[in-house]
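Numbering (UniProt numbering), first residue to last: 1 to 209. I have placed the structure first, in the form of structure tokens, so that the comments after it can refer back to it.
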């Protein structure tokens with residue numbers, strides 16, 4: 001094996017999708033993996049911004065729109081093929097974000113956080129990861145790192161997790177956080193972030209299907 005081959009053999013050959021509980025550190029882990037692998041990192045805000053830059057607007061999307069043709073049509077057909085004159089705004093937003101995610105994936109290796117990316121891409125080029133943590137770990141981390149009053153933390157955590165759960169389950173028909181849905185589910189309160197990041201990078205190279 002040449003030196004160049006050895007260098008590139010240590011790089012992830014897959015797109016890594018990460019989701020996780022609020023306060024689990026999923027964002028930090030995803031961003032750190034991208035930095036370690038020298039690949040791009042896309043979170044939900046960046047994906048939404050990229051979607052906004054497209055010419056098609058969610059409020060203008062209809063069932064017969066040409067936007068739905070091609071690779072995005074299978075998602076539309078699976079989730080929104082029921083009889084209705086118009087596509088609801090939230091459904092249209094999901095479809096448009098999904099199109100953005102698939103466009104991102106065409107560009108090569110990257111890390112994508114949230115936005116049902118594991119479902120949207122759902123093929124052999126993806127390693128899907130879910131990050132969870134103990135309640136105490138999340139509460140302590142949120143209190144330390146987030147600008148939230150102590151007596152508001154638990155309610156905020158439950159609200160954010162419910163929002164993520166509802167978004168994922170509505171759009172995918174899968175159970176958010178269920179271990180069998182993902183290639184890897186890992187407890188971020190049981191290992192250092194650095195260890196978790198290295199595990200994910202190694203698994204991205206080892207996944208066989």
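The beta carbon of each residue, even a glycine, is placed where N, CA and C say it ideally should be. Treat the numbers as computed from the prediction; the structure is a model and nothing was measured.
- For residue 201, the CB contacts under 7 Å within the same chain, skipping 5 residues up- and downstream, are 12, 33, 36 and 37 in chain order.
- For residue 125, the secondary structure class from DSSP, reduced to helix, strand or coil, is coil.
- Sequence-distant Cβ neighbours of residue 134 in its own chain, meaning closer than 6 Å and more than five residues away, are 189.
- The beta-carbon separation of residue 181 and residue 174, rounded to 5 Å, stays under the 8 Å limit for a contact.
- Within the stretch 134-208, the complete alpha helix (DSSP H) runs of at least 4 residues fall at 135-145, 153-172 and 193-206.
- The Cβ-Cβ distance between residue 51 and residue 117 does not fall below 7 Å.
- Annotated three-state conformation of residue 106 is helix, per DSSP.
- Closest in alpha carbon position to residue 46, among 100, 151, 19 and 126, is 100.
- In terms of Cβ geometry, residue 23 and residue 141 form a close pair [threshold 7 Å].
- Contact annotation: residue 26 and residue 131 have beta-carbon atoms nearer than 7 Å.
- Going by C-alpha positions, residue 185 is about 26 Å away from residue 107.
- In this structure, residue 110 places its C-beta atom within 7 Å of the C-beta atom of residue 40.
- Burial of residue 30 is indicated by the presence of at least 16 other C-beta atoms within 10 angstroms of its C-beta.
- Between the alpha carbons of residue 91 and residue 143 lies a gap of roughly 34 Å.
- Residue 22 is bridged by DSSP to nothing; it lacks a bridge partner.
- Between the C-alpha atoms of residue 205 and residue 151 there is a straight-line separation of about 43 Å.
- The beta-carbon distance between residue 103 and residue 48, rounded to whole angstroms, is 14 Å. This is too long to meet the 8 Å contact definition.
- Only residues of its own chain outside the window of five on either side were considered, and among them 105, 109, 110, 112, 121, 125 and 126 have a CB closer than 7 Å to the CB of residue 15, listed in chain order.
- For residue 40, the enclosing beta strand (DSSP E) begins and ends at 40-42.
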